[in-house]
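Each remark here refers to the structure printed beneath this line.
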Amino acid sequence: MKNEKIKISFGVIVLNGEPFIEYCLRSLYKFAHEIIVVEGATELAKNISTHDGHSLDNTLQILEKFKKEEDLENKVKIITRDGFWIEKDEQSQAYAKRATGNYLWQVDMDEFYKEEDMASIIKMLKNDPGITAVSFEQITFWGDLIYKVDSLYLQAGAKIYHRLFKWDKDYKYVTHRPPTVVNEKGKDLRKIKWVMAKKLAKENIFLYHYSLLFPKQVEEKVKYYAVGPWRKYANGIIKWSEDNFLKIIHKPFQLHNVHTHASWIERYNGEHPGEVNKMMEAIKTRKIKIKLRDNGDVETLESQIAYQAVRAVLKFLCLFVKCKFFPKQKISKLFFKINFRA
């Protein structure tokens, strides 16, 4: 029904979520029916968690402080337990089964949306109650708010994030990779009435993903993926971080953490969600203490005409990346051999 109130249950899983936590929650709060946060580590994340499966940083304390001081409408629910979750499926199912809204919106702590875009999405849902799923195109930021990273991997489809689903007590959250929700008949909601990311991108609505912003994030991310069942990706992820993020850039076309595919960096001149700007201001004024990356190498790289030219070739090749026989791996290996003094 068009007049039905939109009640969004935001579902968040988090481990070592500093410095994003309070800023992410504030960005969601005014739009939320509830925010259900599941804190803790999976079995694969034992090397970046406490012995009993919790965050190594102050994530839990920050969540509790937010609940006590800022949750004036009692929207925030914190789910945590001692011990390790089997996988992220189980964590996402933990918030889903507690959701009481009529829409479920999955969010990671390093994912943000512009306030006006969230308002537009809610208006869209209100105007068309038949919508069952919404996906977003993400922009990945690298080392600072002024740089974004892209790649053959992302352009082939990985930049599309399935995040918003119609919800009912008889619906089920099935998998985290990829996020999949089915209705009471077991039908995938993306096979009913799915608003695709391409449509929203044309309206300049994106998911702003700050997954490669801080050295702390990258160090934790690579430790997690290094022990996972991801073969070549897992085997090379530590070396990637040392060669291309934690130290000076060595391979300028291997900058995204999915290092098996060619990638590039470029300047971002657009706006950011308001809470992200507030977070970065707090970091710059030392209200929040976190190490920032020295991006002098990026500036040097970005200024080189040769790098810009080769990057343009790689971006042109992305026009064909979804073709069945496009040789992503062979092309990536060629670009990995190209070097510039950064």
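Residues 1 to 342, numbered by UniProt numbering, are exactly what the sequence shown covers, in order. Built from N, CA and C at the ideal position, the CB exists for glycine as well.
Which residues does DSSP list as the beta-bridge partners of residue i?
{"i": "Q138", "result": "L207"}
{"i": "I78", "result": "V37"}
{"i": "D188", "result": "V182"}
{"i": "F112", "result": "Y208"}
{"i": "T42", "result": "W85"}
{"i": "A133", "result": "F165, W194"}
Beta strand (DSSP E) containing residue i: first to last residue?
{"i": "L104", "result": "103-107"}
{"i": "V174", "result": "172-176"}
{"i": "I265", "result": "263-267"}
{"i": "residue 348", "result": "Lying before the first or after the last residue shown, residue 348 is absent from the chain, which here runs from 1 to 342."}
{"i": "V321", "result": "That residue, V321, is in no beta strand (DSSP E); it is neither H nor E in DSSP."}
Let me know the secondary structure DSSP gives residue i once reduced to three states.
{"i": "Y29", "result": "helix"}
{"i": "F10", "result": "strand"}
{"i": "F165", "result": "strand"}
{"i": "V258", "result": "coil"}
{"i": "A94", "result": "helix"}
{"i": "S151", "result": "strand"}
{"i": "S332", "result": "helix"}
{"i": "S303", "result": "coil"}
{"i": "A99", "result": "coil"}
{"i": "I160", "result": "strand"}
Do residue i and residue j have their C-beta atoms closer together than 8 Å?
{"i": "G17", "j": "T80", "result": "no"}
{"i": "Q138", "j": "H209", "result": "yes"}
{"i": "A262", "j": "F326", "result": "no"}
{"i": "K7", "j": "G101", "result": "yes"}
{"i": "D117", "j": "I35", "result": "no"}
{"i": "R177", "j": "Q106", "result": "no"}
{"i": "N47", "j": "V181", "result": "no"}
{"i": "P253", "j": "L314", "result": "Residue identity check: residue 253 is Phe in the sequence provided, not Pro. Contact flag set, yes."}
{"i": "T260", "j": "S211", "result": "no"}
So is residue i in contact with chain C if we call contact Cβ pairs under 8 Å?
{"i": "S9", "result": "In the structure shown, chain C does not exist; there is a single protein chain."}
For the alpha helix (DSSP H) containing residue i, name the first residue and the last one.
{"i": "L63", "result": "59-69"}
{"i": "G274", "result": "274-284"}
{"i": "A200", "result": "Before going on, a small fix: residue 200 reads as Leu here, not Ala. Looking at the DSSP string, the run of the alpha helix (DSSP H) that includes L200 is 197-202."}
> If you scan the segment 216-249 from start to end, which runs of the beta strand (DSSP E) of 3 or more residues do you find wholly inside it?
Replying inline: none
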